[in-house]
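Going line by line, the protein sequences match chains A and B.
With this note's numbering as the guide, the letters of the first sequence map in order to residues 1 to 336.
With this note's numbering as the guide, the letters of the second sequence map in order to residues 337 to 641.
For reference, the structure discussed in these notes is given below.
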Amino acid sequence: MIRFILTRVGLVLPTFIGITLLAFAMIRLIPGDPVELLVGERGMTAERHAQLRAGLGLDKPLLVQYASYIGGVLHGDLGKSIVTKRPVSEEFFTLFPATVELSLCALLFAVLLGLPAGIIAAVRRGSTFDHTVMGVALTGYSMPIFWWGLLLIILFSGILGWTPVSGRISLLFYFDAVTGFMLIDSLLSGQEGAFVSTLSHLVLPTIVLGTIPLAVIARQTRSAMLEVLNEDYVRTARAKGLAPLRVIGLHALRNALIPVVTVIGLQVGVLFSGAVLTETIFAWPGIGKWLIDSISRRDYPSVQGGILLIATTVILVNLAVDLVYGLINPRIRHNR
Amino acid sequence: MSASIETPTAQVQAQVHEPPHPLREFWSYFSQNQGAVAGLLVFAVICLVAISADFTHPHPPNEQFREHFLQPPMWQEGGSAEFPLGTDAVGRDMLSRIMHGARYSLVIGLIVISLSLTAGITLGLVAAFHRGVIEIVVMRTMDILLSLPSLLLAVVIVAILGPDLFNAMLAISVVYIPHLVRLTRAAALTERSKDYVTASRVAGAGTLRLAVVTVLPNCLAPLIVQATLSFSSAILDAAALGFLGMGAQPPTPEWGTMLAEAREFVLRAWWVVTFPGVAILVTVLALNLLGDGLRDALDPKLKRM
Numbered sequence: 001m002i003r004f005i006l007t008r009v010g011l012v013l014p015t016f017i018g019i020t021l022l023a024f025a026m027i028r029l030i031p032g033d034p035v036e037l038l039v040g041e042r043g044m045t046a047e048r049h050a051q052l053r054a055g056l057g058l059d060k061p062l063l064v065q066y067a068s069y070i071g072g073v074l075h076g077d078l079g080k081s082i083v084t085k086r087p088v089s090e091e092f093f094t095l096f097p098a099t100v101e102l103s104l105c106a107l108l109f110a111v112l113l114g115l116p117a118g119i120i121a122a123v124r125r126g127s128t129f130d131h132t133v134m135g136v137a138l139t140g141y142s143m144p145i146f147w148w149g150l151l152l153i154i155l156f157s158g159i160l161g162w163t164p165v166s167g168r169i170s171l172l173f174y175f176d177a178v179t180g181f182m183l184i185d186s187l188l189s190g191q192e193g194a195f196v197s198t199l200s201h202l203v204l205p206t207i208v209l210g211t212i213p214l215a216v217i218a219r220q221t222r223s224a225m226l227e228v229l230n231e232d233y234v235r236t237a238r239a240k241g242l243a244p245l246r247v248i249g250l251h252a253l254r255n256a257l258i259p260v261v262t263v264i265g266l267q268v269g270v271l272f273s274g275a276v277l278t279e280t281i282f283a284w285p286g287i288g289k290w291l292i293d294s295i296s297r298r299d300y301p302s303v304q305g306g307i308l309l310i311a312t313t314v315i316l317v318n319l320a321v322d323l324v325y326g327l328i329n330p331r332i333r334h335n336r
Numbered sequence: 337m338s339a340s341i342e343t344p345t346a347q348v349q350a351q352v353h354e355p356p357h358p359l360r361e362f363w364s365y366f367s368q369n370q371g372a373v374a375g376l377l378v379f380a381v382i383c384l385v386a387i388s389a390d391f392t393h394p395h396p397p398n399e400q401f402r403e404h405f406l407q408p409p410m411w412q413e414g415g416s417a418e419f420p421l422g423t424d425a426v427g428r429d430m431l432s433r434i435m436h437g438a439r440y441s442l443v444i445g446l447i448v449i450s451l452s453l454t455a456g457i458t459l460g461l462v463a464a465f466h467r468g469v470i471e472i473v474v475m476r477t478m479d480i481l482l483s484l485p486s487l488l489l490a491v492v493i494v495a496i497l498g499p500d501l502f503n504a505m506l507a508i509s510v511v512y513i514p515h516l517v518r519l520t521r522a523a524a525l526t527e528r529s530k531d532y533v534t535a536s537r538v539a540g541a542g543t544l545r546l547a548v549v550t551v552l553p554n555c556l557a558p559l560i561v562q563a564t565l566s567f568s569s570a571i572l573d574a575a576a577l578g579f580l581g582m583g584a585q586p587p588t589p590e591w592g593t594m595l596a597e598a599r600e601f602v603l604r605a606w607w608v609v610t611f612p613g614v615a616i617l618v619t620v621l622a623l624n625l626l627g628d629g630l631r632d633a634l635d636p637k638l639k640r641m
């Protein structure tokens with residue numbers, strides 16, 4: 001097991017170094033003067049330019065620049081935003097909980113609906129329910145989610161007037177962020193209606209962001225269940241006279257879940273991609289919207305730091321999924 | 337049938353043993369899947385619309401009709417048959433723009449697929465045939481690209497290159513390369529260890545010939561499936577980039593860009609928001625159905641499961 005963990009962690013390190021290289025190179029690949037890009041000043045005098053250039057270390061050889069960049073990264077220094085002049089890591093971690101909260105809700109929504117739908121579709125293979133679920137899943141999988149979000153806004157905010165259009169909570173409420181998770185903070189604040197307001201702001205973005213994972217999970221669950229239901233041990237369990245629910249829930253589902261768990265782990269990247277679009281539509285103050293705003297404001301230090309942090313998060317979550325997977329499935333850790 | 341076979345029994349035997357033409361076999365598998373056939377038909381219609389848009393469109397896509405701002409579709413009050421799907425905020429005909437948008441989406445899909453297939457197959461074959469340092473470098477680089485969420489990677493590349501349609505296509509192509517490299521390498525490695533490749537090598541074939549002429553044709557099935565599915569993802573991603581303002585720029589009648597322009601009218605004029613999205617959804621859905629059907633037909637092992 002220790003060997004397995006060490007190999008997996010060992011594989012992550014080169015990937016992480018590659019990501020830092022990418023982030024490091026990015027700011028130098030963008031057309032234009034890196035000094036101007038990093039400081040955000042235009043029309044500098046030659047002396048000021050040279051001074052800033054030396055201050056940023058841009059006059060040193062590339063390798064030295066990279067080493068000092070890595071040194072900074074390892075100390076948590078990702079540079080300062082051109083626009084707000086605040087450290088990039090500080091901005092990132094202020095906004096990160098909003099994205100995590102939205103992503104977790106979306107994942108929960110996808111799993112809670114997708115798993116049962118996939119299981120029932122597999123058990124009733126060929127039924128109307130099966131065809132409906134698979135049709136809906138394929139549609140969901142093909143859905144341009146930015147358009148899906150607009151449609152939901154038209155229906156639920158425009159026509160029915162049930163949900164707000166944007167933001168995380170109504171402007172009527174104000175309280176200090178304790179955890180950064182609005183659902184928890186609104187409860188802690190003790191203000192009447194704050195939690196309900198948070199919830200109503202969360203519903204539409206959750207559905208929009210959860211749609212593609214939902215489709216993927218339902219499809220994967222169905223095919224994994226179909227495979228398992230044909231196995232001999234399931235037939236044995238049925239022949240023993242066990243109740244159908246017990247056979248499906250205990251014998252079949254447990255084994256079918258293994259590939260499903262992997263797919264759920266893989267959704268982290270999908271969620272981040274989706275968060276960029278979902279947060280843009282709903283003006284959700286998370287890192288997806290922040291990144292897009294940073295790009296359009298040409299705030300390159302923020303983009304550079306944001307990319308590094310997001311990629312690191314994805315790598316770490318995938319590593320965690322891999323390790324858990326090895327833990328629950330001995331075949332994996334012995335095969336490697 | 338050759339002339340030397342003359343006895344009736346031999347003829348019957350020859351008929352029995354003659355395998356069906358690969359294309360015929362493929363079609364018999366493919367046509368069993370109704371969804372796939374429907375996908376193919378819809379896709380064919382979209383192709384026709386795209387090709388003939390210049391002759392069949394009611395109006396030029398960028399012509400503005402100043403008396404008809406935000407006119408609703410023809411079946412709603414205030415609509416007219418002149419603009420069947422209504423007009424947008426600057427009085428352009430929605431139907432014509434969507435017809436021309438089909439052209440953009442198909443071209444985007446084709447270019448992205450060609451670019452990423454070329455790069456992916458080349459790198460995959462190189463990795464499979466030059467094991468060691470080159471393979472490690474290629475595959476690690478692909479791992480790095482895969483560790484970034486796809487849309488994010490595309491957005492960053494566009495940020496570096498500058499926002500326009502061609503750069504968006506380049507960015508999306510880069511995003512799809514890692515999958516194709518992995519697929520090609522895996523398939524090529526399996527084929528490489530087979531006897532016919534060894535035979536070819538013994539017969540004196542060089543590495544290039546082995547890779548391209550001997551091995552590659554036998555790796556095509558999964559690549560074709562992946563290419564079809566990437567085609568649909570490319571259309572989706574290009575629309576998403578257009579929506580974020582990082583793809584095609586206005587007034588290009590690209591579906592994602594049209595949606596971005598329509599955003600502010602979301603609560604006032606449902607048609608400017610709805611129709612471009614329907615176009616994207618229908619196209620992508622048709623391609624995904626087609627891709628599923630291709631996978632089943634090209635990989636009968638999966639189908640029987």
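Virtual Cβ for every residue (Gly too), placed ideally from N, Cα, C.
Since the structure is predicted, the reported quantities are computational estimates derived from the model, not experimental observations.
Unbroken alpha helix (DSSP H) run spanning residue i, endpoints
i: ALA522 of chain B; result: 501-528
i: GLU471 of chain B; result: 469-483
i: SER142 of chain A; result: From DSSP, SER142 of chain A is part of no alpha helix (DSSP H); its letter is neither H nor E.
i: ARG235 of chain A; result: 232-239
i: ALA54 of chain A; result: 46-55
i: MET225 of chain A; result: 194-229
i: MET1 of chain A; result: That residue, MET1 of chain A, is in no alpha helix (DSSP H); it is neither H nor E in DSSP.
i: GLU403 of chain B; result: Note, GLU403 of chain B: premise wrong, no alpha helix (DSSP H); not H, not E.
i: ILE560 of chain B; result: 556-579
i: TYR66 of chain A; result: 62-74
i: ILE616 of chain B; result: 606-634
i: THR588 of chain B; result: That residue, THR588 of chain B, is in no alpha helix (DSSP H); it is neither H nor E in DSSP.
i: LYS274 of chain A; result: The residue you asked about is not Lys; residue 274 of chain A is Gly in the sequence shown. GLY274 of chain A -> alpha helix (DSSP H) spans 253-282.
Helix, strand or coil at residue i according to DSSP, with G and I counted as helix
i: ASP299 of chain A; result: coil
i: PRO396 of chain B; result: coil
i: LYS289 of chain A; result: helix
i: ASP429 of chain B; result: strand
i: THR20 of chain A; result: helix
i: PRO87 of chain A; result: strand
i: THR423 of chain B; result: strand
i: LYS639 of chain B; result: Unreliable positioning characterises LYS639 of chain B in this predicted model, as indicated by a pLDDT of 45, which lies under 50. A coordinate reading is not provided.
Partners in chain A for residue i, counting only beta-carbon separations shorter than 9 Å
i: ILE449 of chain B; result: Ordered by position in chain A, no residue passes the 9 Å Cβ test against ILE449 of chain B, which lies about 17 Å from the chain.
i: SER568 of chain B; result: SER142
i: ILE470 of chain B; result: Neighbours of ILE470 of chain B on chain A: none; closest Cβ ~15 Å, over 9 Å.
i: ARG439 of chain B; result: Simply none; closest approach about 18 Å.
Beta-carbon gap between residue i and residue j smaller than 8 Å
i: VAL73 of chain A; j: LEU319 of chain A; result: no
i: THR520 of chain B; j: GLY445 of chain B; result: no
i: LEU487 of chain B; j: VAL35 of chain A; result: no
i: TRP607 of chain B; j: PRO409 of chain B; result: yes
i: PRO589 of chain B; j: GLY437 of chain B; result: yes
i: ILE457 of chain B; j: ALA463 of chain B; result: no
i: ARG125 of chain A; j: LEU226 of chain A; result: yes
i: THR15 of chain A; j: SER483 of chain B; result: yes
i: VAL88 of chain A; j: GLY76 of chain A; result: no
i: ALA389 of chain B; j: ARG439 of chain B; result: yes
i: ALA455 of chain B; j: GLY629 of chain B; result: no
Interface residues of chain B facing residue i [CB-CB closer than 9 Å]
i: ALA50 of chain A; result: Going along chain B, no residue has its Cβ under 9 Å from ALA50 of chain A, so there is no contact; the nearest lies around 26 Å.
i: ILE315 of chain A; result: SER483
i: LEU323 of chain A; result: Within 9 Å Cβ-Cβ: nothing; LEU323 of chain A doesn't reach chain B, min ~16 Å.
Contacts that residue i makes with chain B (C-beta to C-beta distance below 7 Å)
i: ARG143 of chain A; result: For the record, residue 143 of chain A in the displayed sequence is Met; it is not Arg. LEU617, listed in chain order.
i: PRO14 of chain A; result: ARG476
i: ALA311 of chain A; result: SER483, LEU484
Cβ separation of residue i and residue j, assumed to be a contact under 8 Å, to the nearest whole Å
i: TRP290 of chain A; j: GLU91 of chain A; result: 7 Å
i: TRP148 of chain A; j: THR211 of chain A; result: 6 Å
i: VAL622 of chain B; j: GLY375 of chain B; result: It is worth fixing the name first, because residue 622 of chain B is Ala in this sequence and not Val. With 8 Å as the limit, ALA622 of chain B and GLY375 of chain B qualify as a contact, their Cβ atoms being about 4 Å apart.
i: LEU38 of chain A; j: ILE27 of chain A; result: 7 Å
i: MET182 of chain A; j: GLU101 of chain A; result: 6 Å
i: ARG222 of chain A; j: GLY118 of chain A; result: 4 Å
i: TYR174 of chain A; j: THR262 of chain A; result: The pair is not a contact, with the Cβ atoms about 42 Å apart (cut-off 8 Å).
Amino acids of chain A, ordered along the chain, whose beta-carbon sits closer than 8 Å to that of residue i
i: VAL491 of chain B; result: VAL276, LEU291, ILE292, ILE295
Amino acids of chain B, ordered along the chain, whose beta-carbon sits closer than 8 Å to that of residue i
i: ILE307 of chain A; result: LEU484, LEU488, VAL492
i: HIS200 of chain A; result: For the sequence presented, residue 200 of chain A should be read as Ser rather than His. The contacting residues do not exist; SER200 of chain A stays about 17 Å from chain B at best.
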